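Student: Got a structure here, written out as structure tokens. Questions coming.
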Amino acid sequence: MAEPEAAILVHGLWVRGIVMSLMQRRIARHGYRASCYSYPSMRRTLTENAEDLARYCEGVRASKLHFIGHSMGGLVILRMLGTERAFPVGRTVLIGTPYRGSFVARRLMRAPGGAKLLGCCLPEWLGRDEPRRPRHCEIGVIAGRVGLGLGRLVAPIMPEPGDGVVLVSETRVPGMRDHIVLDVNHTGMLLSREVAEQAVAFLKNGAFQRR
Numbered sequence: 477m478a479e480p481e482a483a484i485l486v487h488g489l490w491v492r493g494i495v496m497s498l499m500q501r502r503i504a505r506h507g508y509r510a511s512c513y514s515y516p517s518m519r520r521t522l523t524e525n526a527e528d529l530a531r532y533c534e535g536v537r538a539s540k541l542h543f544i545g546h547s548m549g550g551l552v553i554l555r556m557l558g559t560e561r562a563f564p565v566g567r568t569v570l571i572g573t574p575y576r577g578s579f580v581a582r583r584l585m586r587a588p589g590g591a592k593l594l595g596c597c598l599p600e601w602l603g604r605d606e607p608r609r610p611r612h613c614e615i616g617v618i619a620g621r622v623g624l625g626l627g628r629l630v631a632p633i634m635p636e637p638g639d640g641v642v643l644v645s646e647t648r649v650p651g652m653r654d655h656i657v658l659d660v661n662h663t664g665m666l667l668s669r670e671v672a673e674q675a676v677a678f679l680k681n682g683a684f685q686r687r
């Protein structure tokens, strides 16, 4: 009997995998072997966390591995997928991921002590000359447009629409298969039933649902 398809959920900055638990259960109801991956978002670099994720994936028994990353978790996934891997890669959903950099993070880095709050992972991505996307990987992107979030403490006035932490324009990935903007803020993405349903739609069909 063939192994089921798996969906690996990767969290963002300052938290652990448990914050993805509700979304994980919703994804699992659709037949995926869903799991929440935890990593030290503050202590280790993006490259180190990506290598650890790859080792975790190599131990997952599945006919295909899909990925769902929230915020910085999406960057860890992209870095991991940027090199050849032995496991069968499916589709990837990025949720509120600052692919093109982060206006809020750059503002925070300029504040006294702000760089320490970002740890080692995100500054490594922000220091890249030009972001690259993995080849041969179907990517769907979910952005939010409810501008309520911790980012407002750093930048009370945002230059563009966003989810309160990440701007919509910062989520766009060159060559992405689909992109959708929902009425949700950055943290609310983790709890949103619609976000989970849209993620499943992309994993199944390579496209989000338009109503």
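Plus 476 on top of the position in the sequence shown (first one is 1) and you've got my numbering.
The beta-carbon is built from N, C-alpha and C at its ideal position, and this holds for glycine as well.
This one's a predicted model, so the numbers in the text were calculated from it and none came from an experiment.
Going along the chain, which residues of its own chain have a beta-carbon closer than 6 angstroms to the beta-carbon of Ser668, five neighbours each way excluded?
Tutor: Working through the sequence shown from its first residue, we reach residue 668 at position 192. Hits under 6 angstroms: Val660.
Student: In chain order, what are the residue ranges of uninterrupted beta strand (DSSP E) at least 3 long that sit wholly in the segment 523-552?
Tutor: Listed in chain order, the complete beta strand (DSSP E) runs (minimum 3 residues) inside the segment 523-552 are 541-546.
Student: For Arg583, which option in Leu658, Pro632 and Ser514 has the closest C-alpha, if you only look at C-alpha atoms?
Tutor: Taking the first residue of the sequence shown as 1, we reach residue 583 at position 107. Checking every option, the nearest Cα to that of Arg583 belongs to Pro632.
Student: Give every residue of the same chain whose Cβ lies closer than 8 angstroms to the Cβ of Pro480, excluding the five residues on either side of it in the sequence, and list them in chain order.
Tutor: Translated into the one-based positions of the sequence shown, residue 480 becomes position 4. Correct list, in chain order: Gly507, Tyr508, Arg509, Ala538 and Ser539.
Student: So what does Arg509 bridge to, in DSSP terms?
Tutor: Here residue 509 refers to the residue found at position 33 when the sequence shown is read from its first residue. Note: Arg509 sits in a beta bridge opposite Ala482.
Student: The alpha helix (DSSP H) spanning Val630 covers which residue range?
Tutor: Numbered from its first residue, the sequence shown carries residue 630 at position 154. First-last of the alpha helix (DSSP H) with Val630: Gly627 to Val630.
Student: Rounded to a whole number of angstroms, what is the C-alpha to C-alpha distance between Met585 and Leu594?
Tutor: As a working mapping, residue 585 is identified with position 109 in the sequence shown. As a working mapping, residue 594 is identified with position 118 in the sequence shown. Rounded to the nearest angstrom, the two C-alpha atoms are 8 angstroms apart.
Student: In chain order, what residues of the same chain lie with their CB nearer than 8 angstroms to the CB of Thr521, ignoring the 5 residues before and after it?
Tutor: As a first step, residue 521 must be located in the sequence shown, where it is residue number 45. Within the same chain, Thr521 has close Cβ partners Cys596, Cys597 and Glu600.
Student: Helix, strand or coil: which one does DSSP assign to Glu600?
Tutor: For the purposes of this step, residue 600 is identified with residue 124 of the sequence shown, where counting begins at 1. Three-state DSSP puts Glu600 in a helix.
Student: Whole angstroms is fine: what's the gap from Ala672's alpha carbon to Cys613's?
Tutor: Taking the sequence shown and counting its residues from 1, the one referred to as residue 672 is at position 196. Taking the sequence shown and counting its residues from 1, the one referred to as residue 613 is at position 137. Roughly 20 angstroms between the two C-alpha positions.
Student: Can you tell me which of the three DSSP states Ala683 falls into?
Tutor: As a working note, residue 683 is residue 207 in the sequence shown. DSSP places Ala683 in coil when its eight states are reduced to three.
Student: Assess contact between the segment 614-632 and the segment 563-582, defined as three or more Cβ pairs (one per stretch) separated by less than 8 angstroms. Is contact present?
Tutor: Taking 8 angstroms as the limit for Cβ pairs, the verdict is that the segment 563-582 does touch the segment 614-632.
Student: Under the three-state reduction of DSSP, which class applies to Gly589: helix, strand or coil?
Tutor: Counting from one through the sequence shown, the residue named residue 589 turns up at place 113. Here Gly589 sits in coil by DSSP.
Student: Sort Asp654, Leu529, Arg502 and Gly603 by Cα distance to Ala619 and report the nearest one.
Tutor: Taking the first residue of the sequence shown as 1, we reach residue 619 at position 143. Out of Asp654, Leu529, Arg502 and Gly603, Asp654 has the C-alpha closest to the C-alpha of Ala619.
Student: Count the other CB atoms, across all protein chains shown, that sit within 10 Å of the CB of Gln685; report buried if there are 16 or more and exposed otherwise.
Tutor: Position 209 of the sequence shown, counted from the start, is the residue given in the question as residue 685. With fewer than 16 other Cβ atoms within 10 Å, it is exposed.
Student: Distance check for Val641 and Ala587, CA to CA, integer angstroms please.
Tutor: Here residue 587 corresponds to residue number 111 of the sequence shown, with the count starting at 1. Here residue 641 corresponds to residue number 165 of the sequence shown, with the count starting at 1. Between Ala587 and Val641, the alpha-carbon positions lie close to 16 angstroms from each other.
Student: In the DSSP assignment, what residue or residues form a beta bridge with Ile618?
Tutor: The residue you call residue 618 lines up with position 142 of the sequence shown. Its beta-bridge partners are Ile571 and Ile656.
Student: Between which residues of its own chain and Glu636 is the CB-CB distance below 6 angstroms, once the five residues before and five after are set aside?
Tutor: For the purposes of this step, residue 636 is taken as residue 160 along the sequence shown, with counting starting at 1. Within the same chain, Glu636 has close Cβ partners Leu643 and Ser645.
Student: From Gln674 to Thr573, what does the alpha carbon distance come to, in whole angstroms?
Tutor: For the purposes of this step, residue 674 is identified with residue 198 of the sequence shown, where counting begins at 1. For the purposes of this step, residue 573 is identified with residue 97 of the sequence shown, where counting begins at 1. Roughly 16 angstroms separates the two Cα atoms.
Student: In this structure, how does DSSP classify Leu594 when only helix, strand and coil are distinguished?
Tutor: The count along the sequence shown starts at 1 and reaches residue 594 at position 118. Leu594 falls in the coil class under three-state DSSP.
Student: Which class does Leu554 belong to by DSSP, given the choice of helix, strand or coil?
Tutor: Here residue 554 refers to the residue found at position 78 of the sequence shown. Residue state, collapsed to three classes: helix.
Student: Considering only the alpha carbon of each residue, which of Ile571, Ala530 and Gly682 lies closest to Val663?
Tutor: As a working note, residue 663 is residue 187 in the sequence shown. Checking the sequence, you will find Thr at residue 663 rather than Val. Ranking Ile571, Ala530 and Gly682 by Cα distance to Thr663 puts Ile571 first.
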